[in-house]
Amino acid sequence: MCRNIKMLFNFDPPVTPEEIRAASLQFVRKVSGFNKPSKSNEAAFLAAVDEIAAASARLLNSLETNAPRRSREEEVAKAKARNAMRFSDGRQTA
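Residues 17 to 110 in our numbering are what the sequence shown lists, from first letter to last.
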């Protein structure tokens, strides 16, 4: 599950509130062990997602860097290349 949490800082275009919430949801799922909580745990689960999203947004807004902004498309291409190497059996295909 945690592999689905993506780096959110220093991208062009900047991160959206929806992306922050999605990462927060994945984090709470991992920590709680619930993909979807029961009705009795739903309020606590959603409150945790909201709190983590708010803390994440504050963190991202306060961070500074001199590094150039990353391109989302380039990062996706790099991740695909890493996965291709990781899961390949070493043989070249034509």
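Ideal placement from N, C-alpha and C gives every residue a C-beta, glycine not left out.
Since the structure is predicted, the reported quantities are computational estimates derived from the model, not experimental observations.
Residue i to residue j, Cα distance in whole Å?
i	j	result
Ala60	Phe27	31 Å
Ser40	Val65	5 Å
Lys96	Glu34	23 Å
Glu91	Glu80	20 Å
Could you tell me how far apart the beta carbons of residue i and residue j are, in whole angstroms, since I believe they sit closer than 8 Å?
i	j	result
Phe103	Ile68	The pair is not a contact, with the Cβ atoms about 31 Å apart (cut-off 8 Å).
Leu24	Leu76	6 Å
Ser72	Ile36	5 Å
Taking residue i as part of the alpha helix (DSSP H), name the residues at either end of that continuous run.
i	result
Val65	55-78
Arg102	88-103
Arg85	From DSSP, Arg85 is part of no alpha helix (DSSP H); its letter is neither H nor E.
Glu41	The sequence as given places Leu at residue 41; Glu does not occur at that position. Run containing Leu41: 33-48, per the alpha helix (DSSP H) assignment.
Determine contact between the stretch 67-87 and the stretch 27-38, defined as no fewer than three beta-carbon pairs at a distance below 8 Å. yes
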